Ligand code: ADP
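In this note's numbering, the protein residues as written are -16 to 270.
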C-alpha cells in the first residue's frame, strides 16, 4: 500500500520486535513493544550496547525484524498499517534519519550533507559499505537545493563548501579537518535538509559532541521544524536516541532500554515518581 502522509506525524506501534544479528547466537532486541502517537517526541535512553541503534535500524528498515526466523507475533505498525505492506522507498520518503556511521567516510562536508538523499537505496546493505559503493563523489552534482543556507544555520557556512576540508588534521579520527562538533553539525544539517517532507525524524545521538549552547540550538530547531508555524500544532513524530538524560526531560515519552528491551516507558514525571525507577536514579545522579 501507499504511505499516506497525514501531516501530523507518524503513529508508530512496535509489537514484540526482536532482532538477532546474522551469525550471533543471542538476540540484540528482545520483545520490544511501545507506541508513539503521531506528533509525539520519544526519547530512547540506555547504556552503550543496550540495543538503541539496532532499534533505530529496524525502524529505518535497514534490518528486518522478521528475518531470518519470523516471530509471528512481531509487528511494526505505521499509522495502523503493517510496515511490511508499505513499499520501502515510499516509507523512506517520509522519514529523515541522522546516523553517526557516516563520520568515517572520506567525503567532503558538502557531499556528506547530500548523502542523505541516497539513503533509500541503502536498505539492503550495511550503510557504510553501501555509501562507499554508491560513490559519494557523484553526489556533488545532485545536491539538494537550500543546502548552503542550511549549512549556514548550523554554523558551518561556506567553510563547509571547501572542496577539500579533510586535508590534514586528525587523521586518526577519519574526519580530518573537522572537530567532532563540526562534524555533528554537518550530520544535523543533512537531517534537517530532508526534514520538511518527513513525518518522522529519527535522530541517533544528535548532540553528543556539542556544547550546551549548541545542544539547545539543535533542540530549538527540531522543535521549530516539527510545528506548524501558523497553528503551532505538531506536524512530525520525533525519536531521539541519546545517553544525555538532560534531553529526555523535554520529551513526551521516555523509553529506558536495558539489555535489548524496554524496561521503563512513560513521561519524565511518571518515571521520576516511581520508587524503583532505574531512570530516576540515573537522572538524579547525572543531571
Ligand atoms: P546501543 O546503540 O544502545 O549502544 P547497539 O544497538 O549499537 O547498542 O548494540 C547492541 C548490541 O548489539 C551490542 O552488544 C553489540 O555488540 C551488538 N551489535 C551491534 N552491531 C552488531 C553487528 N553488526 N553484528 C553483531 N552484533 C552487533
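Think of the CB as a built atom: it goes at the ideal place given N, C-alpha and C, for glycine as much as any other residue.
On a predicted model such as this, the values are computed, not experimentally measured, just so you know.
Beta-bridge pairing by DSSP links residue 258 to no other residue.
Burial state of residue 213 is exposed, judged by a 10 Å Cβ sphere holding fewer than 16 other Cβ atoms.
Annotation: residue 61 to residue 73 spans about 12 Å, alpha carbon to alpha carbon. The Cβ-Cβ distance between residue 244 and residue -8 does not fall below 8 Å.
Between the stretch 238 to 258 and the stretch 183 to 203 there are fewer than three C-beta pairs closer than 8 Å, too few to call the two in contact. Relative to the non-hydrogen atoms of the ligand ADP, the Cβ of residue 190 never comes closer than 7 Å to any of them.
Under a 10 Å Cβ-count criterion, residue 32 is classified as exposed, with fewer than 16 other Cβ atoms of the shown protein chains found around its own Cβ. For residue 232, same chain residues with a beta-carbon under 7 Å away, outside a window of 5 residues either side, are 251 in chain order. Within 10 angstroms of the beta-carbon of residue 182 lie 16 or more other beta-carbons, which makes it buried. For the set 42, 195 and 75, the Cα lying nearest the Cα of residue -12 is the one of 75. Under the criterion of beta carbons closer than 8 Å, residue 81 and residue 174 qualify as touching, at roughly 4 Å. If the five residues before and after residue 64 are omitted, its C-beta is found closer than 7 Å to the C-beta atoms of -16, all from its own chain and listed in chain order.
Close CB contacts of residue 40 within its chain, under the 6 Å cut and outside five residues either way in sequence, are with 46 (chain order). A check of alpha carbon separations from residue 20 across 171, -6 and 0 identifies -6 as the nearest. Applying a distance threshold of 6 Å between residue Cβ atoms and the heavy atoms of the ligand ADP selects 4, 7, 11, 29, 31, 32, 33, 34, 35, 36 and 37, given in chain order. Boundaries of the alpha helix (DSSP H) around residue 198: 195 to 208. In the structure shown, the three-state DSSP call for residue 20 is coil. In the three-state reduction of the DSSP assignment, residue 253 falls in the helix class, which pools H, G and I. Residue nearest to residue 179 within the set 190, 187, 209 and 195 is 209 (criterion: CA-CA distance). For residue 265, the secondary structure class from DSSP, reduced to helix, strand or coil, is helix. A distance below 6 Å between beta-carbons, with the five flanking residues on each side excluded, links residue 66 to the following residues of its chain, in chain order: 59. Restricting attention to 27, 185, 223 and 189, the CA atom closest to the CA of residue 44 is found in 185. Residue 259 sits exposed, since fewer than 16 C-beta atoms from the chains shown fall within 10 Å of its C-beta.
By the Cβ neighbour-count rule, residue 270 is exposed, with fewer than 16 other Cβ atoms within 10 Å of its own.
Burial state of residue 77 is buried, judged by a 10 Å Cβ sphere holding 16 or more other Cβ atoms. In the same chain as residue 266, and ignoring 5 residues on each side of it, the C-beta atoms closer than 6 Å to its own belong to 228, in chain order. Residue -11 is not bridged by DSSP to any residue. Sorting 168, -14 and 205 by C-alpha distance to the C-alpha of residue 69 places -14 at the top.
Apart from sequence neighbours up to five positions away, the residues of its chain that approach residue 34 with a beta-carbon distance below 7 Å are 11, 12, 240 and 243, ordered along the chain.
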